[in-house]
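What follows is one structure encoded as C-alpha cells, with my remarks underneath.
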Amino acid sequence: MSQGDPIPILMNTRAGAMHAESGEQQLQNMAAEIGLDIQVIRTQSKEDFQSELRKLIAAKAPKAAIAGGDGTVGLAVQELAHTQTALGILSQGTFNNFASALRLHHNLPAALRTLKDGTPKAVDLGKIGDRYFTESAGVGLFAESLALYGRGSNKNFLRGLYALTRLSLAFRAQDIQLILDGEAHSGRITLCEVCNTYRIAQAAPVAPKADVDDGLLDIVVFRDVRRRELPAYLRAVRAQMHLGLPKVEVLRAKEIRIEARRPMNVHADDQIIGVTPQTVTVQPGALQVLVDQEL
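Numbering of the sequence shown is given in my numbering, commencing with residue 1 and proceeding in unit increments.
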C-alpha cells in the first residue's frame with residue numbers, strides 16, 4: 001500500500017455507536033467533507049478483526065485506523081506492536097483511557113482530522129508473557145474483581161462498583177515480593193497495579209504521573225489497606241489524592257517480577273492472564289500512534 005491509498009478503518013459490526021450501516025455512511029460523509037479518503041472494513045469477530053489487521057501490516061499499510069474503545073485498541077496492539085503501521089483511533093468506547101493518555105480527540109470530526117493530518121508518535125506498551133497491554137497489569141483487588149465478575153466489571157461502572165464492594169468485604173491483603181529492575185520489595189498488599197497509562201478500568205486515575213513515552217512503568221501499591229479503610233482509599237483514587245496516603249507507594253521500573261506466597265490472579269488490562277509468578281516489562285516505543293502534529 002502507498003501513501004495515496006485510502007486509509008483503512010476497521011469497524012466491528014456488532015459493537016460501538018458506529019456499527020450500523022447509518023453510522024458507516026455518516027463516517028464516510030464526515031471524511032469526504034475534509035477531503036479524507038477512507039476504506040471502511042467491517043469485521044464480524046475478534047478473529048476477523050485480527051486477520052484484517054495482519055493483511056494490512058503484510059501490505060505495509062502506513063496507517064490503519066479502528067473505531068472502538070479500549071478493548072478494541074487492546075486487541076489491535078497485539079498485531080501492530082513493533083510494526084511500522086501507525087494506529088489511528090476513532091474513540092467509540094465508554095472511557096477511552098489509552099486515547100485520553102495520548103490527548104486524542106473523542107469527537108469524530110476532530111479524530112478524522114488527526115487521521116488525515118496527524119503524525120506517527122512512538123509510544124510505550126507493557127508486556128506480560130506474550131501479551132501486550134495498554135493500561136495496566138497487576139494483582140490484588142482489581143484482578144480479583146475481574147476473576148470473579150468478568151470483563152464487564154472493568155468498564156461497566158455499576159457492575160464494577162458492585163464487584164469492588166463485594167470484594168472489599170472479604171478480600172485480605174496478601175504477601176508478595178516485587179523485584180523491580182533487580183531490586184526486591186516485599187510486604188502485604190491489597191492492590192498492585194503496573195501502569196502504562198495514568199487512567200485504568202473505569203477511568204480511575206490510579207497512576208497520575210504515568211507517561212506513555214518515558215520508557216518506564218509506574219507501579220502503584222496499596223500496602224495492607226484494611227477493609228474499614230478501603231472505601232476512603234478508593235474515593236481518594238477518584239479524587240487523585242491517594243498518592244499522599246500513608247499506605248500508598250509509587251515506584252517506577254522497566255522490568256517487574258511479581259511473586260506471591262500463595263498463587264494470585266494476574267490481569268493484563270481487562271483479562272485474567274494467569275497466576276503469579278509473572279514478569280512484566282515495558283516495551284519502549286513499541287507502537288506507532290497517529291497524534292496531532294503539535295504533540
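Yeah, the Cβ is synthetic: ideal placement off N, Cα and C, and Gly gets one too. All values derive from a computational prediction rather than experimental measurement.
I'd like to know whether the C-beta atoms of residue i and residue j end up nearer to each other than 8 angstroms.
i, j, result
"I200", "N265", "no"
"A137", "G126", "yes"
"H267", "I273", "yes"
"G93", "D70", "yes"
"V280", "P263", "no"
"V291", "G118", "yes"
"V206", "C192", "no"
"A286", "D48", "no"
"Y132", "V77", "yes"
"A65", "I9", "yes"
Would DSSP call residue i helix, strand or coil?
i, result
"L27", "helix"
"T72", "helix"
"H299", "The shown model of the chain, from 1 to 295, leaves out residue 299, and the question about it has no answer."
"K254", "coil"
"N265", "strand"
"V282", "strand"
"G4", "coil"
"N12", "strand"
Can you tell which of the options has its C-alpha closest to the C-alpha of residue i?
i, options, result
"G35", "K116, V221, P205, Q271", "K116"
"G202", "I66, A59, E135, Q50", "In the sequence as displayed, the identity of residue 202 is Gln instead of Gly. Closest by alpha carbon: E135."
"L217", "E183, V289, R172, A253", "A253"
"A232", "H242, Q278, T43", "H242"
"I179", "I256, A31, V248", "I256"
"L31", "G182, G215, L90, A239", "The residue you asked about is not Leu; residue 31 is Ala in the sequence shown. Nearest of G182, G215, L90, A239 to A31, Cα basis: L90."
"V346", "F95, A99, G140", "Since the first residue shown for the chain is 1 and the last is 295, residue 346 is missing from the structure and cannot be characterised."
Tell me the rounded alpha-carbon separation between residue i and residue j.
i, j, result
"I189", "I176", "7 angstroms"
"L53", "L80", "8 angstroms"
"L251", "Q26", "45 angstroms"
"G129", "N29", "42 angstroms"
"Y198", "S45", "30 angstroms"
"Q39", "T85", "16 angstroms"
"R226", "P208", "23 angstroms"
"F157", "I41", "Interpretation of F157 is limited by its pLDDT of 48, a score under 50 that renders its predicted location unreliable; no figure is taken from the coordinates."
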